[in-house]
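The structure appears below as structure tokens.
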Amino acid sequence: MSILPNIDLRLAEPGDAPLLGVAALAAGGGIYEHLLAKAAGGLDAATVLASAIAAGTDGLSWRHSVIAAAETGDLGAAIAYPSSSFSLHPSIARAATTEAVDDLQPLFDAQPDPKTYYLHAIWAVASARGQGVGALLLDAVLAMAADAGFNGLSLHVWADNKPALKLYESRGFKAIQAIDIPRRDRMPHSGGKLLMQA
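Below is the structure:
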């Protein structure tokens, strides 16, 4: 792994909501596309996510996010917040079908330890993957959690996301619960998700 030179980490601002929406969408691995596939009014997942993040009213917010940036532009982002805020965002729940929410109910039932911080999403642009951007963002979120007095960091990850698992395990994360999520066209994953904590 090579760390790209001159990467700055900064706290997100309201104008970063579209980038954070892309990050949440990519890190979700099809969850938001599945939830919002039949949204009324033809709203797409990226638009709904960016709007929810821009509102800044709960966990899924620009207020709890970090951006990795270089002179050439933004390289990645992480969204994290107190685990007690982990839930399906109200605007997404309103737009989702009952069937889609039911498919993901095991995920929503797998609540992270409320004494931990929760990593909702971590993502790097394609050209920066494998260059240490994800590790820098993860380390920043771990430091944020510690500085705020939380007892570690929790996250959910697809069990077949080997690069992410390798990164998390390198930082001491352990799987504490397997979550059975049915494979769907928009969620083409095997093995469900894992709840992990460090």
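With the numbering used here applied, the sequence shown corresponds to residues 1 to 198, in that order. Glycine is no exception: its CB is placed at the ideal position from the N, C-alpha and C atoms. On a predicted model such as this, the values are computed, not experimentally measured, just so you know.
| query | result |
| --- | --- |
| Where residue 84 and residue 61 are concerned, what is the direct C-alpha to C-alpha distance, given to the nearest angstrom? | 14 Å |
| Reducing DSSP to helix, strand and coil, say where residue 110 ends up. | coil |
| Buried or exposed for residue 180, please, with buried defined as at least 16 other CB atoms from any protein chain shown within 10 angstroms of its CB. | exposed |
| Taking only runs of the alpha helix (DSSP H) that begin and end inside the stretch 104 to 192, which ones reach a length of at least 4 residues, in chain order? | 133 to 147 and 162 to 170 |
| Can you have a look at residue 103 and say buried or exposed, based on whether 16 or more other CB atoms are within 10 angstroms of its CB? | buried |
| Check whether the stretch 7 to 25 touches the stretch 66 to 77, taking contact to mean three or more Cβ pairs, one atom from each stretch, closer than 8 Å. | yes |
| Indicate the three-state DSSP secondary structure (helix, strand or coil) for residue 16 in the structure shown. | helix |
| In three-state DSSP terms, what is residue 58? | coil |
| Under the DSSP definition of a beta bridge, which residues are partnered with residue 68? | 9 and 76 |
| Is the stretch 74 to 84 touching the stretch 110 to 128, taking contact as three or more C-beta pairs under 8 Å? | yes |
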